[in-house]
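*Asks:* Numbering (UniProt numbering), first residue to last: 1 to 581.
#1: Name the one or two DSSP bridge partners that residue 134 has.
#2: Assuming residue 219 contacts residue 349 under a Cβ cut-off of 8 Å, what Cβ separation, rounded to an integer in Å, is found between them?
#3: What residue range does the alpha helix (DSSP H) around residue 241 cover?
#4: Is residue 352 helix, strand or coil when you go by DSSP?
#5: Using 9 Å as the threshold, is the C-beta distance between residue 261 and residue 286 below it?
#6: Give me the DSSP bridge partner(s) of residue 559.
#7: Using a Cβ-Cβ cut-off of 6 Å (strictly less than) and excluding sequence neighbours within five positions of residue 567, which residues of its own chain qualify?
#8: Quick check on the burial criterion: 16 or more other C-beta atoms within 10 angstroms. Buried or exposed for residue 209?
#9: Helix, strand or coil, according to DSSP, for residue 41 in the structure here?
#10: Which value, in whole angstroms, describes the spacing of the CA atoms of residue 347 and residue 245?
#11: Determine the closest residue to residue 100 out of 90, 235 and 112, with distance taken between C-alpha atoms.
#12: Quick check on DSSP: helix, strand or coil for residue 153?
#13: Just reading off the beta strand (DSSP E) that residue 166 is part of, what are its end residues?
#14: Could you round the C-beta distance between residue 107 and residue 151 to whole angstroms and report it? I think they count as a contact, below 8 Å.
#15: Taking C-alpha atoms, which residue in 296, 484, 483 and 500 lies nearest to residue 583?
#16: Closest to residue 284 by C-alpha separation, out of 304, 305 and 312, would be which residue?
#17: Sorted by chain position, which residues of the same chain lie with C-beta nearer than 8 Å to residue 565's C-beta, five sequence neighbours on each side aside?
#18: Here's a check: name, in chain order, each residue in its chain whose Cβ is nearer than 8 Å to the Cβ of residue 96, leaving out the five neighbours to either side.
#19: Residue 513 and residue 561: beta carbons closer than 9 Å?
#20: Given this structure, state the Cα-to-Cα distance separating residue 258 from residue 563, to the nearest angstrom.
#21: Residue 309 and residue 223 look like a contact to me (Cβ under 8 Å); what is the Cβ gap, rounded to whole Å?
#22: Pull the bridge partners of residue 585 from the DSSP assignment, please.
#23: Just the Cα atoms here: how many angstroms apart are residue 366 and residue 375?
#24: Do you know whose CA, among 335, 352 and 530, lies nearest residue 392's CA?
#25: Using a Cβ-Cβ cutoff of less than 7 Å, which residues in the same chain neighbour residue 412 once the five nearest sequence positions on both sides are dropped?
#26: Hey, residue 162 and residue 188: beta-carbon distance below 9 Å or not?
#27: So is residue 656 buried or exposed if we call it buried at 16+ other beta carbons inside 10 Å?
#28: How would you call residue 126, buried or exposed, if buried means at least 16 neighbouring beta carbons within 10 angstroms?
#29: Leaving out five residues on either side along the sequence, give the residues of the same chain with a beta carbon under 6 Å from the beta carbon of residue 314.
#30: Which residues does DSSP pair with residue 588 in a beta bridge?
#31: Can you tell which of 503, 528, 526 and 508 has the C-alpha that lies nearest to the C-alpha of residue 584?
#32: So the beta strand (DSSP E) residue 361 belongs to, where does it begin and stop?
#33: Using a 10 Å radius around the Cβ and a threshold of 16 neighbouring Cβ atoms, would you call residue 145 buried or exposed?
#34: Here's the rule: buried if 16 or more other CB atoms are within 10 angstroms of the residue's CB, otherwise exposed. What is residue 544?
#35: Is the Cβ-Cβ distance between residue 169 and residue 119 less than 9 Å?
#36: State buried or exposed for residue 387, treating a residue as buried only when at least 16 other CB atoms are found within 10 Å of its CB.
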């Protein structure tokens, strides 16, 4: 009766021993399969369970490889061609439709970008002054002219101001890829008013992704950190079994939450199909996470799931952070990954330490396992703090803009919670060293407090994904400069990191053909845009070019009808402004 199944188990065993184990270096436990051992039903079920675990692990390996290595490749719409490019080629935007700074009568059917030279466009999108996207992320390259990139709005654009952003890479003479990025702005019927008080409030910025995002975030941290705790700190078969009871609801909730995230994002983009969404990083990442957690939920095997849990946790970096050098590039993404793993080790381990404590012998459990876990937490917390500070510095280089913004206040609130957690951790180490029943009770109680503070911190962190650095609430008094008899008045409203209006007014100016505004800050990225002509010598730049108001020079270039250019350079706030240049 069991002969065929026995042969099947031998085949799986041979495949794992001779191919899979040497390939990935997993610990191997030889199946001692003999025909006489299968006369009893119980032994058959044991081997059947191992066979299912092996098959499930093979599927998980393939899914993880697909998600981490193959998935990101699908984001790029066009592979970079292998060809030799002369050293001196300009990859700037030559023209566009709509034109930068143009006011349209109706929503455009498409946006066409024409560059001086073709290069590998990796990303382009349409967004409004609330940073909401209005494109599918899909674009096409004109086969007859590879310099032209065509992007279609996901829906008809309502009246207001919109931006188009692009990012790509071009080969240069030294063999390295050069980052190419830029923005242009146009308006449909009328310009959008600047964000009230410098932007939407915290509650207004929250989206339907906040709650499922928090549940998924919580589940992934607990899954990875708890499994690591069981394998490297607890090291006990009974603890392994107790942890499996917790894994089932955690994996189920995590898989459900990431699937809800997928459909929430689909509802935000009703014009695109599910297949199109699955081709974007905001789509395929939760799908891969769902499939992996669903398979792990099916086998609930602790020993070999840790690398897969780690891979799924790391995938969150691809969704939450940009690899653009403007926001720290790959260094910031690496810091974010370290931040996530350190957070998982601390929070997941803390969760496992509490829920896996035996009913009898809790004192010995907290004294022994709590002492070991405290050493792990002592390493994790500095990593969490340092990487958090590093990412904040990369994202907001100006302290004045950071401390005055609602986004910055939220980050400070999160930092305060982390400090409280560190103090509780120090107290725990003090009580665990005392020993005794009283010390154990105090340790367990403060560990619960630490867990609740950790959950509150995660809730703030999950919400911050939806936030952007908005208004600092600081007003910028108008500045004026006079050059060649022409006076230029300039004011930023509101004076923020993020979306704002740069209003310009000229006095005694000749008829102007165009006005361009260049933003020069501490980073290499210096955006330049054509201003909207409001009439009567008034012009406006509307967008999010002003990334660090307190450290950015604003250079206004007024081009007369005869081609003569007058340049006005307004220094950052706090520096002296001469009335003449």
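Backbone N, C-alpha and C fix where the C-beta goes; we use that ideal spot for every residue, glycine too.
*Replies:* Answer, in terms of the structure:
#1: Bridge partners of residue 134: none, in fact.
#2: 15 Å between Cβ atoms; not a contact.
#3: 237-268
#4: helix
#5: yes
#6: 514 and 565
#7: 557
#8: buried
#9: Unreliable positioning characterises residue 41 in this predicted model, as indicated by a pLDDT of 37, which lies under 50. A coordinate reading is not provided.
#10: 19 Å
#11: 112
#12: strand
#13: 160-171
#14: Not quite, the Cβ-Cβ distance comes to about 13 Å (not below 8 Å), so this is no contact.
#15: Summary: the structure shown does not reach residue 583, with the chain confined to residues 1 through 581, and so no result is reported for it.
#16: 312
#17: 557, 558 and 559
#18: 111, 112, 113, 114, 164 and 184
#19: yes
#20: 56 Å
#21: 5 Å
#22: Summary: the structure shown does not reach residue 585, with the chain confined to residues 1 through 581, and so no result is reported for it.
#23: 13 Å
#24: 335
#25: none
#26: yes
#27: With the chain running from 1 to 581 in the structure shown, residue 656 is simply not present.
#28: buried
#29: 337
#30: Outside the displayed span of the chain (1 to 581) sits residue 588, for which this structure offers no information.
#31: Here the chain comprises residues numbered 1 to 581, so residue 584 is not present and cannot be evaluated.
#32: Unbroken run through residue 361: none, as it is neither H nor E.
#33: exposed
#34: buried
#35: yes
#36: buried
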